[in-house]
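Have a look at the structure below, then the notes.
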């Protein structure tokens with residue numbers, strides 16, 4: 009049967025859709041060392057009444073997820089709910105916590121098969137017989153000796169009925185309620201602040217508890233009670249002596265909300281009197297290195313931010329990560345040197361629109377995800393294996409085209425001029441999108457500080473800042489479009505452009521190597537092999553199209569060549585995404601524990617500081633080229649000797665893949681993305697280094713931190 013162009017419109021999307029459906033995860037979700045499912049306590053929903061859902065984890069032995077206050081380190085499970093209009097969802101109800109101690113650091117968590125209950129109230133006007141689909145996007149941190157961030161999309165459908173019937177899961181919910189702390193039991197704890205950060209909490213409402221094997225207080229809010237400090241039971245009157253967290257600076261309330269453990273019993277205390285942890289600083293004071301011109305602009309407020317954003321975007325044009333795309337844009341300018349000024353301006357505006365729209369869209373997704381409770385930062389797109397693979401495939405195919413393996417758009421020869429012009433404008437718009445997507449993760453000079461402020465500003469101002477940053481990136485080509493006489497000074501198109509085009513093709517292949525290093529770093533040898541397999545299939549597809557898609561071939565042959573080419577590229581991409589995601593998952597538990605640049609964790613930092621050692625942390629990512637350039641001075645023998653001289657432990661926080669704990673630390677230090685360099689001393693003083701490092705800058709920062717009178721090293 010002959011495949012017509014009309015049939016291809018349906019066949020290609022259908023093939024892609026079937027491939028994507030085959031890759032969809034099954035329910036319940038089986039992730040890293042845990043199986044997670046969404047359960048309901050009832051089999052039907054009654055209009056206007058409250059029912060309960062549950063997020064149940066089945067954890068492998070020795071692995072744990074965290075309580076609402078994770079303690080010294082960790083992150084509680086987070087859920088974003090999607091229900092029909094009118095439904096109201098309450099907060100997660102946590103089982104009683106258990107203490108876990110590792111390297112002197114205490115965390116609050118759950119092992120085994122914890123069930124987190126959440127109340128849901130249905131609207132009164134819900135029609136009986138309707139099926140209600142409930143979706144939950146769950147995110148959690150699971151830890152043993154290492155921690156792994158994981159997430160799942162869960163779904164549950166319940167009918168609307170007239171009488172709530174117990175579900176087969178009712179026994180699980182009953183057991184989960186028995187595992188929760190006892191509320192309304194009359195237990196109270198009044199606080200009195202002593203000296204040296206000590207707090208005495210007088211216990212009332214219980215009989216004598218001095219014979220209990222264990223008495224311990226779990227504060228509900230983070231940053232209030234120091235989880236690492238010893239808690240001492242005192243008598244006459246019965247009271248518990250605890251220590252305030254070092255970062256807590258608010259007035260102490262009469263009662264601190266939390267859970268009191270007495271032997272095997274757990275009691276809810278002061279649930280309505282929780283102090284507000286956001287009043288307390290979340291990190292030690294930072295001695296920032298940002299000074300001079302940049303700081304003066306930041307101090308101007310939003311107007312200064314916009315100036316910085318524009319200048320930062322402009323500077324992105326010379327960053328290595330953007331050069332492959334800009335080389336294509338330069339080639340496009342050379343190819344169209346003979347066009348009218350009106351056409352040049354249209355192309356410049358299309359390119360600018362692509363850049364600005366992409367920056368705003370990326371920022372919009374960032375704000376939406378953060379509003380949903382997800383800790384992500386600028387550059388999040390390159391933390392996705394599918395996105396990184398897609399970019400590698402795109403650059404590889406473009407490179408094959410520039411190297412002459414095949415020609416794109418050969419069929420447009422002789423086509424209507426308006427159609428050709430329209431496609432050229434779409435190409436300029438697409439080039440703008442590509443420049444923005446590739447350039448956005450580059451934290452060039454001036455970008456880091458203003459983007460850190462932008463993600464914490466109101467959404468409208470944040471979107472404006474990122475939009476102006478995109479305008480700065482696009483401004484050189486917009487300027488050349490408005491003043492095309494500058495382009496006319498470039499060499500006229502000729503045979504030399506074929507050589508120039510091929511050079512651009514090799515530049516794109518360098519970009520593919522860079523993206524391969526990202527996949528190899530996160531997915532190991534397996535991820536790299538899968539990428540090479542995908543690129544091999546894409547090369548085969550390009551050769552087929554170049555061999556049988558040329559204008560000299562009959563029209564049916566060209567159409568079949570195009571169909572086979574598209575199927576090969578799409579099929580290999582869909583296959584590769586699944587395989588590389590698995591490679592990422594298999595390699596996430598690997599970490600370096602000894603020697604210079606060991607794997608960072610809050611626990612490791614606390615342990616080193618407690619031992620009297622200072623800590624230098626390199627927050628980095630493989631896809632961040634500035635980060636890689638800064639490794640040259642950071643990993644030098646001179647800096648290693650300097651760190652040894654001042655008893656500094658060097659740690660690396662790798663943000664190549666999504667890590668909510670790293671994202672939170674970045675935001676706490678005014679950064680939307682990497683790089684970030686922190687020198688933390690045992691007394692809590694933190695020095696933040698600039699994002700562009702030299703050996704002299706590092707030496708100055710270290711020596712000044714330990715001896716403020718030190719003169720600068722040039």
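Numbering (this note's numbering), first residue to last: 9 to 722. The beta-carbon is built from N, C-alpha and C at its ideal position, and this holds for glycine as well.
Please list, in chain order, all residues of the same chain as residue i whose beta carbon is under 7 Å from its beta carbon, the five residues on each side excluded.
i: residue 617; result: 623, 688 and 690
i: residue 703; result: 641, 644, 646 and 647
i: residue 27; result: Confidence is the limiting factor: at residue 27 the pLDDT is only 36, short of 50, which leaves the residue's position unreliable, though a coordinate-based value still follows. Excluding sequence neighbours, residue 27 sits near 579 and 582.
i: residue 7; result: Because the chain spans 9 through 722 in this model, residue 7 falls outside it and cannot be assessed.
i: residue 410; result: 509, 510, 512, 513 and 516
With distances taken from CA atoms, which of the options is nearest residue i?
i: residue 373; options: 471, 626 and 590; result: 471
i: residue 643; options: 557, 606, 663 and 458; result: 606
i: residue 71; options: 206, 154 and 77; result: 154
i: residue 137; options: 231, 399 and 52; result: 52
i: residue 242; options: 223, 254, 230 and 228; result: 223
i: residue 109; options: 611, 682, 630 and 692; result: 611
i: residue 321; options: 310, 444, 233 and 439; result: 444
i: residue 518; options: 564, 403, 433 and 558; result: 403
i: residue 230; options: 369, 217 and 84; result: 84
i: residue 710; options: 673, 672, 661 and 650; result: 650
i: residue 185; options: 197, 247, 101 and 225; result: 101
Mind checking which residues open and close the beta strand (DSSP E) that includes residue i?
i: residue 141; result: 139-151
i: residue 196; result: 196-201
i: residue 673; result: Taken as a continuous stretch (DSSP letters only), residue 673 belongs to no beta strand (DSSP E), being part of the alpha helix (DSSP H) at 668-676.
i: residue 525; result: Run containing residue 525: none in the beta strand (DSSP E); it sits in the alpha helix (DSSP H), 504-556.
i: residue 155; result: 155-167
i: residue 681; result: First-last for residue 681: undefined, no H or E at that position.
i: residue 208; result: 206-212
i: residue 696; result: 694-697
i: residue 247; result: 247-251
i: residue 181; result: Careful: residue 181 lies outside any beta strand (DSSP E), inside the alpha helix (DSSP H) at 178-186.
Can you list, in chain order, the residues of its chain with a C-beta nearer than 8 Å to that of residue i? Leave out the 5 residues immediately preceding and following it.
i: residue 104; result: 187, 188, 189, 267, 269 and 274
i: residue 34; result: At residue 34 the pLDDT is 39, less than 50, meaning the model places this residue with poor confidence and gives no usable figure here.
i: residue 29; result: Model confidence at residue 29 stands at a pLDDT of 36, short of 50, so the residue's coordinates are unreliable; what they give is reported in the following sentence. Excluding sequence neighbours, residue 29 sits near nothing in its chain.
i: residue 91; result: 97, 128, 140, 142 and 143
i: residue 438; result: 362
Can you list, in chain order, the residues of its chain whose CB lies under 6 Å from that of residue i, leaving out five sequence neighbours each side?
i: residue 441; result: 362 and 366
i: residue 621; result: 655 and 657
i: residue 539; result: 524 and 527
i: residue 221; result: 271
i: residue 160; result: 37, 44 and 146
i: residue 240; result: 249
Taking 7 Å as the threshold (C-beta atoms), are residue j and residue i in contact?
i: residue 694; j: residue 713; result: no
i: residue 194; j: residue 169; result: no
i: residue 546; j: residue 405; result: yes
i: residue 580; j: residue 625; result: no
i: residue 140; j: residue 162; result: no
i: residue 679; j: residue 391; result: no
i: residue 530; j: residue 628; result: no
i: residue 535; j: residue 318; result: no
i: residue 465; j: residue 236; result: no
i: residue 56; j: residue 132; result: yes
i: residue 245; j: residue 210; result: yes
i: residue 553; j: residue 573; result: yes
i: residue 117; j: residue 75; result: yes
i: residue 65; j: residue 135; result: no
i: residue 684; j: residue 638; result: no
i: residue 183; j: residue 49; result: no
i: residue 489; j: residue 356; result: yes
i: residue 277; j: residue 256; result: no
Ends of the alpha helix (DSSP H) at residue i?
i: residue 477; result: 467-490
i: residue 402; result: 393-410
i: residue 703; result: 703-714
i: residue 634; result: 633-642
i: residue 318; result: 310-323
i: residue 648; result: 645-653
With which residues is residue i paired in a DSSP beta bridge?
i: residue 227; result: 266
i: residue 74; result: 117
i: residue 65; result: 44
i: residue 607; result: 660
i: residue 355; result: DSSP, once it has assigned bridges, lists no residue as partnering residue 355.
i: residue 107; result: 116
i: residue 129; result: 58 and 96
Using beta carbons (cut-off 7 Å, strictly below), is residue i in contact with chain B?
i: residue 517; result: Here chain B cannot be found, since the structure has a single protein chain.
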